[in-house]
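**Q** One structure, pasted below without further comment.
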Amino acid sequence: MTIQRLEREEAHRLYLAKFREDFVPSELRPWGSILRLMDQGAYSIFACKEAGEILAYATFIQCPGALLLDYFAVDPARRGQGVGTAFFQGLQKLPALGQASCLYIEAESLESASTPQERETRRRRIQFYTRCGCVESPWYAYLFGVEYRILLLPLEGSLPGEEQMREQLLSVYNVTVPMHTDGTQEGFHRVCRVYRREGI
1 MTIQRLEREE
11 AHRLYLAKFR
21 EDFVPSELRP
31 WGSILRLMDQ
41 GAYSIFACKE
51 AGEILAYATF
61 IQCPGALLLD
71 YFAVDPARRG
81 QGVGTAFFQG
91 LQKLPALGQA
101 SCLYIEAESL
111 ESASTPQERE
121 TRRRRIQFYT
131 RCGCVESPWY
141 AYLFGVEYRI
151 LLLPLEGSLP
161 GEEQMREQLL
171 SVYNVTVPMH
181 TDGTQEGFHR
191 VCRVYRREGI
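Numbered per full-length UniProt numbering, the sequence shown spans residues 1 to 200.
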């Protein structure tokens, strides 16, 4: 398996072929939004390939000092075979990610699950990331009506302090969220918050 950063044309083909299968419409970032972020140097897409076939892919939002994992998916035919774990661990070693001190991950919170089955699915997703070395932060994010537990993975050195975590998260969201709002602080805060669970 090899990991390759995709250029715009191949990234667009992947988006059309896979993103719409792997994510529900409400979770799918418009391609135009991704393009604008790529043009700003704030978005990157990586694929895990074997014999030219894409087995998995991941996308990242970048800001100074931090990265946010935007999408992560494994081909359904290759799930349960260690592909996701190998890909995630391989991504951590890429020089392209080396400018960030940590990687942030949004996982839909257990507390907001509406059924036991949904809660178990979310628990397994969080467990995947913790097995890969991520830790659960004290922070949650509310984004466009969905609550996420924030995990993070240090890419160099130790974990940032709790307030620095929050500041870095907000710096990432300030890159992406305004393009989906009216551009005002009020509009931003209506759809995006970072908080501790007891602070809801």
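For glycine and all other residues, C-beta sits at the position ideal for the given N, C-alpha and C.
1. Taking the alpha helix (DSSP H) that glutamine 168 falls in, what are its first and last residues?
2. Going by alpha carbons, who is nearest to alanine 141 out of Leu155, Glu167, Gly133 and Gly161?
3. For isoleucine 105 and proline 178, what's the separation of their Cα atoms in angstroms?
4. Specify, as a first and last residue, the run of the beta strand (DSSP E) that valine 146 falls within.
5. Buried or exposed, going by whether 16 or more other CB atoms sit within 10 Å of the CB of residue 284?
6. Figure out for me which residue from Pro116, Arg193 and Asp70 has the closest Cα to the Cα of glycine 145.
7. With distances taken Cα to Cα, identify the nearest neighbour of aspartate 70 among Gly183, Glu108 and Val83.
8. For the alpha helix (DSSP H) that contains threonine 130, what are its first and last residues?
9. Would you mind stating whether serine 44 and threonine 176 have Cβ atoms separated by less than 9 Å?
10. Between the Cα of glycine 157 and those of Arg125, Gln99 and Glu163, spot the shortest distance and give me the residue it belongs to.
11. Given a threshold of 16 other Cβ atoms within 10 Å of its Cβ, counted over all protein chains shown, does methionine 165 qualify as buried or as exposed?
12. If I follow the unbroken beta strand (DSSP E) through serine 101, where does it start and stop?
13. Secondary structure at leucine 159, three-state DSSP: helix, strand or coil?
14. So, for phenylalanine 88: in the same chain, excluding its five sequence neighbours on each side, which residues have a beta-carbon less than 6 Å away from its beta-carbon?
15. My output table needs one value for alanine 51: the three-state DSSP class, helix, strand or coil.
16. Pairing CB atoms from the region 16-33 with CB atoms from the region 65-85, are three or more of them under 8 Å?
17. Just verifying my parser: in three-state terms, what is the DSSP assignment at arginine 36?
18. Along the chain, where does the beta strand (DSSP E) that runs through leucine 143 open and close?
19. If we count the other Cβ atoms within 10 Å of its Cβ and call it buried at 16 or more, is alanine 77 buried or exposed?
20. Taking the alpha helix (DSSP H) that alanine 86 falls in, what are its first and last residues?
**A** According to the structure data:
1. 162-176
2. Closest option to alanine 141, Cα to Cα, is Glu167.
3. 20 Å
4. 146-154
5. The chain is shown only over 1 to 200; residue 284 falls outside these bounds and no answer can be derived.
6. Arg193
7. Considering only alpha carbons, the answer is Glu108.
8. 116-131
9. no
10. Gln99
11. Around the beta carbon of methionine 165, 16 or more other beta carbons lie within 10 angstroms, which makes this residue buried.
12. Counting along the chain, serine 101 falls outside any beta strand (DSSP E), and DSSP gives it neither H nor E.
13. Coil, per DSSP.
14. Cys132
15. coil
16. yes
17. helix
18. 135-143
19. exposed
20. 83-91
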